[in-house]
Every structure is written in structure tokens, then in C-alpha cells.
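Everything on this sheet refers to the single structure shown next.
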Amino acid sequence: MEQDNVINRNQGLLVAISGGADSVAMLHYLVNKGYYCIAAHCNFHLRGEESDRDELFVRQFCDSLSVPLHVVQFDTKKYATERKLSIEMAARELRYQWFFKLIEQMNLQGVAVAHHADDAAETFLLNLVRGTGIRGLTGMKFRQGRVLRPMLRYSRQDIELYCRAHKLKYVTDSTNASDAYTRNRIRHNVVPQFKAINPSFLATMRGNMEHLNQIFSMFDMQVRQFAKRAVVEFDGQTLISMEHIKELPIAEPYIFELLFVKGFNSDTVRKIARCVDQERWGRIFFAPQYRAIVDRYNIVIVPRDKEIEEREFDIEQEQSEIFTPLHMELTQKAKPEGFEFSRDNNIAHFNADKVTYPLTLRRWRKGDTFRPLGMKGFKKLSDFFVDQKKSQIEKENTWLLESGGEIMWIVGQRIDDRFKVTDKCKDILEVAIVTE
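Position 168 (the sequence shown) corresponds to 172 in the working numbering; numbering is contiguous.
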């Protein structure tokens, strides 16, 4: 094993053990070589009695080696449902969160996981299918932060031979035989074909990944240098300068590296790069947690608040103050003598007789129209934004206040002529945005 290059003999090590051949062989080898190990087993409760069987086996195996063991029980399906994750991703999050917590509590150097050469090759092919760019093709690392992989140079066959040589028993996960998971389909159907063509497939793949890792290291340095010139973090937004992007001989790989870490997939990045190349401004693209807006001057990445994006917020007549999604104060009163319209964009006055409750606050949508103050005809909001020279991000951040399904105020910008205070109106509604 490559443990001498990965593991510090002078500090304890957490060893993740599932009960399968890989983790059993790893723990047995490390203990026999004198490393101080503390084992950790996760019961995800996904396979009924089989999950409990695995836990019992791990307890007995660790006891036979006199290795301290920590076990945790997870309601994985509930966690996945609450966070809208796949079962695989939910299990991954749960186990690594727990591993890192144990590492901190016991001052351990990291967690050893039993990834081996077959796993690395399968991950390469899986990332190739998913489209993760060159980053995903550089292979697993022997050490990646607090995660240690001392078995990466050994194949699944090597590990099984080790278990037989030392008469080690292990359990088998029945789901490994199913092709319901993409990784399993690659393992059972794709990798054997490559091995048939090239018996040294795993060694060849290791060499390929090492080569790609070297290439990526050089490219990553260029991306970092580009980011120093072209990327600005401002008020929760990430701005990638269009001027600097245009200076690149090939922009898409740089855009990919900067956006992939935000969750944008390769297909979306390709579309963004095409918009940049064709100067199609104003397009919006979505990742699970972010939006990317292709502006004339920047690619703007902003966090998504799905609840705010999708919801409409009602304001009842008895409410004098709201805090979500904006902090606003509402006051209905008799129109004072000598009334004048407010010159403050954060304060608007309306004819209270024209207002129908509940009022509604919502984001603007394509096709919205209103009658700007002083005009007799209707105007599309999209045209109004063009006239006002609003950037795409300013458009996206615009709120509308509605009454009876009609727009009464483009919040902070312009009221609708139908709701203006007239000489004849007796009561006015004052709506103020609280900015302090």
C-alpha cells in the first residue's frame, strides 16, 4: 500500500469500514503494520436486515483486531427527501459530515477510505459521461484534504487475493450486483470490455489520469491568474469581466472552470459561452444554487433564493409593516392640504380609493405591462427597463406591487398612472421602503 506517502505514523487515523472486502483488507493491513486506527461504520438503513448484518459483522471484526469502533445510525431516505438529494448523494454527505466531526473531536489526521484502482477508473468514466471537464478526469488523489486513499494503486482483484491469503471474511452489498446505478453499469458492462481489449487497463488509466492531472495543474494556474484579473466578488455577486473574457483565445474552458464550482453543468456552460461569443446579452441560466446572467459587461453569478423567486407575498389591509421580502411601512391617511408627490424613490403615494386588498408583492415577469405615471397608454416593463438602461441583474431584482392583479408600483422606480393621487381623492396610501 501507499500508506507511507499518505499516513503520518505519529497521529491517529480514522478508518471508514463498511464490512466489504476493500475496507476489511485496508483496516487489517494498517493495524498489522502498527498504525493507530479508530474505525467508523455508518448504518444507512437502506437494505433492511442486510444493513444490520453489516453492522454486526463490523463490530465483531473490529473486536477481533482490538480496534476501537464508532457506529452511527442514519435515516438516509428522510435526509435525502428533506434536501431533495439522491440517495447516493445524501449518504455521501451524511458519512463525510460525521467523519470530519469525529476527526475534529479526537484530533485525528484524517479518514482513510478504501478507494482502489478500479474505483478510480470507474470514476473517470463516470465523470466522462457526466461532463465534468478536465478536472473530473484527473483521477482520485492519495490525499485530498482530510480524506486519505492508501489503496489507490491496488485493484479489486489484488484486494480479494489479500483477503484470501489472510483468511479474512467480509460481507457483500447486494446492491453492488444491480445495474440500477450508473456506476454499477460501468463496473459490470463497460470496464470488463476495456480490460478485455487491454489487460493492463487499470495501469494505463492510472498513467492517463496522472498525465491529465499534470496538464490540469498548468491550466488551473492559468485560470487562477485570469481570475485575479477578471473576477470580482461584490455584494454577494460574482462578476466575470466580459472585457477580459474577450481577450482569451478560447474562452469556454475558463468559463467552465469558474462556473462548474458553482454547480453549472457542461451543457449550460456551453450555452453561456455561445451567448458570449454571439453577444446575446440578457440571457439567464440556472444551476441548483445560482443564476448566471450574461450581461453586456459581465457574467453575473448570484445565489438563488428559490422561495423568493417563486412566491408571491400578500399584504392585508390591516398590515402597517412587512419584513419579507422587503422591509416596507404602509400608512393610510387623509390627504393633507397642499399634498405633493414624494421625490424619494423609496416612498410612493397612491389613491387609497383605487386600492384593492390584499396587495401583492412579486417579481416581474415577461409580458408584464403598466401605465407609467403621466401616460395614457400601456407600456411593457421590458421596454421600460430598456428606456431606463437597466442591467439584467437590476431587472431580475425588480419587485412589483400589485392591486387587484394590476401593477400599481414598480417598486422604487415608477408608479402606475391609474393609482395616482388626484385632486378629488380624499385618502392616500403611503408605502415606504425602509432602508436602515
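Every residue, glycine too, gets a C-beta built ideally from N, C-alpha and C.
In the DSSP assignment, the beta strand (DSSP E) including residue i goes from what residue to what residue?
i	result
residue 364	363-367
residue 335	332-338
residue 289	287-290
residue 55	Careful: residue 55 lies outside any beta strand (DSSP E), inside the alpha helix (DSSP H) at 53-69.
residue 295	294-298
residue 227	Residue 227 -> not in any beta strand (DSSP E); alpha helix (DSSP H) instead, spanning 205-234.
residue 352	351-355
residue 304	302-307
On the DSSP letters alone, give me the boundaries of the alpha helix (DSSP H) that residue i sits inside.
i	result
residue 438	It is not in any alpha helix (DSSP H) - residue 438 carries neither H nor E in the DSSP assignment.
residue 245	Careful: residue 245 lies outside any alpha helix (DSSP H), inside the beta strand (DSSP E) at 241-245.
residue 257	256-264
residue 315	Run containing residue 315: none; DSSP gives neither H nor E here.
residue 174	No alpha helix (DSSP H) contains residue 174, which DSSP labels as neither H nor E.
residue 32	25-36
residue 20	Element bounds for residue 20: not the alpha helix (DSSP H) but the beta strand (DSSP E), 17-20.
residue 48	That residue, residue 48, is in no alpha helix (DSSP H); it is neither H nor E in DSSP.
residue 425	Where residue 425 is concerned, there is no enclosing alpha helix (DSSP H), given that its DSSP letter is neither H nor E.
residue 273	270-282
residue 83	80-87
residue 201	195-201
residue 398	396-400
Figure out for me which residue from the options has the closest Cα to the Cα of residue i.
i	options	result
residue 349	415, 343, 185	415
residue 235	346, 248, 15	248
residue 1	302, 268, 151	Given a span of 5 to 440 for the chain in the structure shown, any question on residue 1 remains unanswerable.
residue 266	278, 281, 294, 241	294
residue 82	92, 74, 75, 73	92
residue 357	75, 233, 169, 408	408
residue 263	136, 109, 72, 420	136
residue 285	291, 378, 399, 220	399
residue 212	373, 376, 128, 90	128
residue 164	329, 250, 118, 345	118
residue 443	385, 428, 233	Any question about residue 443 goes unanswered here, given that the chain covers just 5 to 440.
residue 337	425, 401, 271	425
residue 132	270, 49, 168	270
residue 341	428, 371, 162, 436	428
residue 252	203, 237, 229, 198	229
residue 377	420, 168, 238	420
Should residue i and residue j be called a contact, given that it needs their Cβ atoms to be closer than 8 Å?
i	j	result
residue 403	residue 367	yes
residue 141	residue 216	yes
residue 260	residue 273	yes
residue 38	residue 174	no
residue 316	residue 325	no
residue 126	residue 191	yes
residue 276	residue 298	yes
residue 120	residue 26	yes
residue 44	residue 21	yes
residue 422	residue 410	yes
residue 95	residue 87	no
residue 111	residue 78	no
residue 41	residue 75	no
residue 80	residue 106	no
residue 51	residue 186	no
residue 246	residue 300	yes
residue 138	residue 219	yes
residue 396	residue 306	no
residue 296	residue 268	yes
residue 374	residue 383	yes
residue 122	residue 90	no
residue 360	residue 318	no
residue 124	residue 144	yes
residue 195	residue 331	no
residue 362	residue 322	no
residue 104	residue 147	no
Among all the DSSP beta bridges, which residues are the ones paired with residue i?
i	result
residue 383	374
residue 41	17
residue 111	According to DSSP, residue 111 bridges with nothing at all.
residue 74	44
residue 148	151
residue 124	Its beta-bridge partners do not exist; DSSP assigns none.
residue 103	According to DSSP, residue 103 bridges with nothing at all.
residue 407	363, 410
residue 156	Its beta-bridge partners do not exist; DSSP assigns none.
residue 95	Paired residues: none, contrary to the question.
residue 448	Residue coverage of the chain in this structure runs from 5 to 440, which leaves residue 448 outside it and unanswerable.
residue 432	337, 355
Say yes only if the C-beta of residue i is nearer than 7 Å to one or more non-hydrogen atoms of the ligand PLP, and no if none qualify.
i	result
residue 127	The ligand PLP is absent from the structure shown, which contains no ligand whatsoever.
So, do the segment 429-440 and the segment 353-365 have three or more beta carbon pairs nearer to each other than 8 Å?
-> yes
Is it a yes or a no for the segment 7-24 touching the segment 34-43, going by three-plus beta-carbon pairs under 8 Å?
-> yes
Are the segment 164-182 and the segment 54-63 in contact at 8 Å, needing three or more beta carbon pairs?
-> yes
Is the segment 222-230 touching the segment 143-159, taking contact as three or more C-beta pairs under 8 Å?
-> no
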